[in-house]
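For the record, the sequence lines run as chains C and Z.
The numbers in our numbering rise by one with no breaks, and the one at position 147 of the first sequence is 147.
The numbers in our numbering rise by one with no breaks, and the one at position 96 of the second sequence is 1096.
Every residue gets a Cβ at the ideal spot worked out from N, C-alpha and C, and that includes glycine.
Contents: one structure, followed by commentary.
There are 2 protein chains.
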Amino acid sequence: MTGDRSIPACLACPIRHNAVCAQCDATELAVLERAKSYRTYPAGAQIAFAGEPLRHFATIVSGCATLSRTLEDGRRQTVGLLLASDYIGRPGRAVSAYDVQAVSEVTLCRFERATFERLVRQTPHIAGRLLSMTLDELDAARDWAVVLGRMTARERVASFLTSLVRRESARQGRSGTGAEAELVLPLTREALADHLGLTIETTSRQMTALRRDGLIQTPSPRQIRIPDTGRLARAAGEEPDASAAAL
Amino acid sequence: MTGDRSIPACLACPIRHNAVCAQCDATELAVLERAKSYRTYPAGAQIAFAGEPLRHFATIVSGCATLSRTLEDGRRQTVGLLLASDYIGRPGRAVSAYDVQAVSEVTLCRFERATFERLVRQTPHIAGRLLSMTLDELDAARDWAVVLGRMTARERVASFLTSLVRRESARQGRSGTGAEAELVLPLTREALADHLGLTIETTSRQMTALRRDGLIQTPSPRQIRIPDTGRLARAAGEEPDASAAAL
DNA sequence: CGGTTCATTGAGCCACATCAAGAAGTGTGG
DNA sequence: CCACACTTCTTGATGTGGCTCAATGAACCG
């Protein structure tokens, strides 16, 4: 494709093996190549509005976005944290059910809605991958419902950090680097609180408490070092065997 | 099919047009017909256990079941309420992520897991419907996350009753009977509390409060009459236009 | 260097949890 | 048909985790 200098080829795409196109072969990718367009949003930009039409189905190539809903009185709840390879939009619906906001700078790989729906129908590899990803999202949403419905503030923070570490290390292939981990929070305290179903203040206090107890270290508010992920997972309410059974 | 007297034909199935088979034609149904088996569980029975293998992919033909997870210390959160035409199990996973419990007597239409996965791959009509249903479930799970994360006890109860009324009237075709509604709670107070992320006591108190305020009437604890669904929806935190805009 | 945004910390209060007791409904056996 | 046990639901009294309100600190930026 000589067309647009700024759009990289699918075969060189960083999320080639994780996005809806993961199972596509070279021929199928060529079709996607022609239909796709890129768009980049700055940090803080709103990508979609709840209740408003959504022209594209899009995949996050890089960056981080939140999926949230705001009640009239201002209460907001984030219902999904979207990272690279996650998708935005719903085949079959013209209207976005949630607000989508770029948390860091976000680059999307987009398809016109009608075009994408045709692609889904005609390409079992896309339909299959889309189903698999949606089932994963459904499990993630349900898991998070347990956190929101039953866990204490401390457990919520610990759960979130634990799940971030897991996503991070899953993305990078290494399944368990062992005890230690370090991560950069993509979210502000406000976005974090909205995700946890807490206030900024409570979230901050729990971060302080976890630091005091030696479960995390915070060189800066956004940077978090976890000396022992197992201990943090236990603080998140997980039984000691859950995923670090090997130790 | 002369095989089993107790299994009704797909064409006569009460959930024919709502389940994963909804888009199938007569030929495809014939294939399902041969592969399916029925099983009925009494109220209270556990259909699947979190972390345990799940041999079948199943659809609820009749009855009501809950999808839940229990933490070691006994805290339980229901993450899904399954009614007729909803499915149980996850194509591609051999292990159940949640506990599934029959709330009322439940009849399932089941397929061996491997058989069903083959059917999904070979039948676009099934794959498509499964995707669509999963996307709906995902939206429902995310909507419920907003309730669990940000709503007061009163709003949670009102939200739940409102959503039950909506599902009921959607299932029966009539989109909005107007203001009035009556329903029989499929859940005990305990199961209800587990779904709302509250205690039994708080749930009961909120029911009492809603009755006191004239938003509901309760001839018996399980039977609920809603004289004005719009008013209840507003108590659930919905802006007055949301779905009863026509008034 | 003031203004702005973001994060932390403190003090007090309130919604919901917990603990405890009754009330109402349901089933069983005499 | 009633007595008794058992489960389910309701109501009351008290405690507490997280929210609210308010101030301060830290980082960034024009």
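*HIS56 of chain C to PRO1219 of chain Z, Cα distance in whole Å?*
Numbered from its first residue, the first sequence carries residue 56 of chain C at position 56. Numbered from its first residue, the second sequence carries residue 1219 of chain Z at position 219. Here the C-alpha atom of HIS56 of chain C lies approximately 49 Å from the C-alpha atom of PRO1219 of chain Z.
*Which word fits LEU192 of chain C, buried or exposed, when buried means at least 16 other C-beta atoms lie within 10 angstroms of its C-beta?*
For this step, residue 192 of chain C is matched to residue 192 along the first sequence. By the 16-neighbour rule on beta-carbons within 10 angstroms, LEU192 of chain C is buried.
_Please report the distance separating the alpha-carbon of LEU198 of chain C from that of PRO1124 of chain Z._
What you label residue 198 of chain C is simply residue 198 of the first sequence in a count that begins at 1. What you label residue 1124 of chain Z is simply residue 124 of the second sequence in a count that begins at 1. Their Cα atoms are separated by approximately 43 Å.
*What does ASP99 of chain C pair with, by DSSP beta-bridge criteria?*
Counting from one through the first sequence, the residue named residue 99 of chain C turns up at place 99. Paired residue(s): C:SER68.
*Nearest chain Z C-beta to THR202 of chain C closer than 8 Å, yes or no?*
Residue 202 of chain C sits at position 202 when you count from the first residue of the first sequence. No - not a single Cβ of chain Z is within 8 Å of the one on THR202 of chain C.
*asked:* List, in chain order, every chain C residue whose beta-carbon is nearer than 7 Å to that of VAL1061 of chain Z.
replied: Here residue 1061 of chain Z corresponds to residue number 61 of the second sequence, with the count starting at 1. In chain order: nothing, as chain C lies at least about 22 Å away.
*Interface partners of ALA1236 of chain Z on chain C, CB under 8 Å*: Translated into the one-based positions of the second sequence, residue 1236 of chain Z becomes position 236. Using a Cβ-Cβ cut-off of 8 Å, ALA1236 of chain Z is close to nothing in chain C; its nearest Cβ partner there is about 10 Å away.
*Interface residues of chain Z around GLU239 of chain C at Cβ under 7 Å?*
By one-based count along the first sequence, residue 239 of chain C stands at place 239. Chain Z residues near GLU239 of chain C: GLU1072.
_Check for me: the alpha helix (DSSP H) holding HIS1195 of chain Z runs from which residue to which?_
Counted from its first residue, the second sequence places residue 1195 of chain Z at position 195. For HIS1195 of chain Z, the uninterrupted alpha helix (DSSP H) run begins and ends at 1189-1196, by DSSP.
_Against THR134 of chain C, what residues of chain Z qualify as contacts under a CB-to-CB distance less than 7 Å, listed in chain order?_
Translated into positions along the first sequence, residue 134 of chain C becomes position 134. The contacting residues are LEU1131, THR1134, LEU1135 and LEU1138.
*CB-CB under 8 Å to ALA1234 of chain Z, same chain, minus the five flanking residues each way: which ones, in chain order?*
Numbered from its first residue, the second sequence carries residue 1234 of chain Z at position 234. Before going further, note that residue 1234 of chain Z is Arg rather than Ala in the sequence given. Contacts found: PRO1240.
*Pull out every residue of the stretch 1085-1107 of chain Z whose Cβ sits closer than 9 Å to any Cβ of chain C, in chain order.*
Flagged, chain order: ARG1090, PRO1091, GLY1092, ARG1093, ALA1097 and TYR1098.
*For chain C, find out if any of its Cβ atoms is closer than 8 Å to the Cβ of ARG970 of chain Z; answer yes or no.*
In the structure as shown, chain Z starts at 1001 and stops at 1247, and residue 970 of chain Z therefore has no counterpart that could be examined.
*Between THR1066 of chain Z and TYR1087 of chain Z, which are expected to be in contact by the criterion C-beta below 8 Å, what is the C-beta distance as a whole number of angstroms?*
Translated into the one-based positions of the second sequence, residue 1066 of chain Z becomes position 66. Translated into the one-based positions of the second sequence, residue 1087 of chain Z becomes position 87. Here THR1066 of chain Z is actually not in contact with TYR1087 of chain Z; their C-beta atoms are around 14 Å apart, not less than 8 Å.
_Burial state of LEU11 of chain C (16 or more Cβ within 10 Å)_ = Residue mapping note: residue 11 of chain C aligns to position 11 of the first sequence, counting from 1. Here LEU11 of chain C is exposed. Its C-beta has fewer than 16 other C-beta atoms within 10 Å.
*Identify the continuous beta strand (DSSP E) that holds PRO1008 of chain Z and give its terminal residues.*
Within the second sequence, residue 1008 of chain Z is the residue found at index 8, counting from 1. Where PRO1008 of chain Z is concerned, there is no enclosing beta strand (DSSP E), because DSSP gives it neither an H nor an E.
_Local conformation of VAL184 of chain C per DSSP, three classes_ = Taking the first residue of the first sequence as 1, we reach residue 184 of chain C at position 184. VAL184 of chain C: strand per DSSP, three-state reduction.
_Any alpha helix (DSSP H) of 4 or more consecutive residues that is wholly inside the stretch 1103-1135 of chain Z_ = Entirely contained in the stretch 1103-1135 of chain Z, the alpha helix (DSSP H) runs reaching 4 residues are, in chain order, 1113-1122.
*Own chain partners of ALA1246 of chain Z with C-beta closer than 6 Å, once the 5 adjacent residues on each side are dropped*: For this step, residue 1246 of chain Z is matched to residue 246 along the second sequence. Per-residue confidence for ALA1246 of chain Z stands at a pLDDT of 41, beneath the threshold of 50, marking its modelled position as unreliable; the derived number appears in the next sentence. Closer than 6 Å at the Cβ level, and outside the excluded window around ALA1246 of chain Z, lies no residue.
*Report the three-state DSSP secondary structure of GLY149 of chain C (helix, strand or coil).*
Here residue 149 of chain C refers to the residue found at position 149 of the first sequence. Helix, per DSSP.
*Around the C-beta of GLU238 of chain C, are 16 or more other C-beta atoms found within 10 angstroms, so that it is buried, or is it exposed?*
For this step, residue 238 of chain C is matched to residue 238 along the first sequence. Around the Cβ of GLU238 of chain C, a 10 Å sphere holds 16 or more other Cβ atoms; the residue is buried.
*Using a C-beta to C-beta distance shorter than 7 Å, which residues of chain Z count as neighbours of VAL146 of chain C?*
Position 146 of the first sequence, counted from the first residue, corresponds to residue 146 of chain C. Neighbours of VAL146 of chain C on chain Z, chain order: ARG1069, GLN1077 and VAL1079.
*Could you tell me whether the stretch 152-163 of chain C touches the stretch 198-210 of chain C, using the rule of 3 or more Cβ pairs below 8 Å?*
Flag = yes, the stretch 152-163 of chain C and the stretch 198-210 of chain C touch.
*Residues sharing a beta bridge with PHE57 of chain C, DSSP*: For this step, residue 57 of chain C is matched to residue 57 along the first sequence. Bridge partners of PHE57 of chain C: C:PHE111.
*Between ARG142 of chain C and chain Z, is there a C-beta pair that is closer than 8 Å?*
As a working mapping, residue 142 of chain C is identified with position 142 in the first sequence. Yes, ARG142 of chain C lies at the interface with chain Z (some Cβ there is under 8 Å from its Cβ).
_For ARG1034 of chain Z, list the residues DSSP reports as bridge partners._
Locating residue 1034 of chain Z in the second sequence gives position 34, counting from the first residue. Answer is none; ARG1034 of chain Z lacks a bridge partner.
*If we ignore side chains and look at the alpha-carbon of each, how far apart do ALA181 of chain C and ARG1034 of chain Z end up?*
Within the first sequence, residue 181 of chain C is the residue found at index 181, counting from 1. Within the second sequence, residue 1034 of chain Z is the residue found at index 34, counting from 1. Taking the CA atoms as reference points, ALA181 of chain C sits about 52 Å from ARG1034 of chain Z.
*Counting Cβ pairs, one atom from each stretch, are 3 or more of them under 8 Å apart for the stretch 1069-1076 of chain Z and the stretch 1101-1116 of chain Z?*
The stretch 1069-1076 of chain Z makes no contact with the stretch 1101-1116 of chain Z, as fewer than three CB pairs between them are under 8 Å.
_Let me confirm a value: VAL95 of chain C is counted as buried when at least 16 other C-beta atoms fall within 10 Å, else exposed. Which label applies?_
If you number the first sequence from 1, residue 95 of chain C lands on position 95. Using a 10 angstroms sphere on the CB of VAL95 of chain C, the tally of other CB atoms stays under 16, which defines it as exposed.
*asked:* Check whether chain Z comes within 8 Å of GLY173 of chain C, counting only Cβ atoms and requiring the distance to be less than that.
replied: One-based indexing of the first sequence puts residue 173 of chain C at position 173. By this cut-off, GLY173 of chain C is not an interface position.
*Go through its chain and collect everything with a Cβ distance to PHE116 of chain C's Cβ below 6 Å, but skip five positions before and after it.*
What you label residue 116 of chain C is simply residue 116 of the first sequence in a count that begins at 1. Scanning its chain for C-beta atoms nearer than 6 Å, with the 5 sequence neighbours on each side dropped, one finds around PHE116 of chain C the residues PHE57, in chain order.
*Could one say the Cβ of ARG150 of chain C lies closer than 8 Å to chain Z's Cβ atoms, at least one of them?*
As a first step, residue 150 of chain C must be located in the first sequence, where it is residue number 150. Yes, ARG150 of chain C lies at the interface with chain Z (some Cβ there is under 8 Å from its Cβ).
*asked:* With distance defined between alpha-carbon atoms, name the residue in Z:LEU1083, Z:LEU1130 and Z:LEU1119 nearest to ALA1022 of chain Z.
replied: Taking the first residue of the second sequence as 1, we reach residue 1022 of chain Z at position 22. That would be Z:LEU1130, whose Cα lies nearest to the Cα of ALA1022 of chain Z.
*Quick one: which chain Z residues come within Cβ less than 9 Å of ALA127 of chain C?*
Translated into positions along the first sequence, residue 127 of chain C becomes position 127. Against ALA127 of chain C, the close residues of chain Z are PRO1124, ALA1127, GLY1128 and LEU1131, in the order they occur along the chain (beta-carbon pairs closer than 9 Å).
*On the premise that ALA1236 of chain Z lies in contact with SER1159 of chain Z, defined as a C-beta separation below 8 Å, what is that separation, rounded to the nearest angstrom?*
Along the second sequence, read from residue 1 onward, the residue named residue 1159 of chain Z stands at position 159. Along the second sequence, read from residue 1 onward, the residue named residue 1236 of chain Z stands at position 236. Confirmed, Cβ separation roughly 4 Å.
*Note down, in chain order, each residue of its chain lying with its Cβ closer than 8 Å to the Cβ of ILE7 of chain C, except the 5 sequence neighbours on either side.*
Looking up residue 7 of chain C in the first sequence gives position 7. For ILE7 of chain C, where only same-chain residues beyond five positions count, the Cβ hits under 8 Å are MET1, LYS36, SER37 and TYR38.
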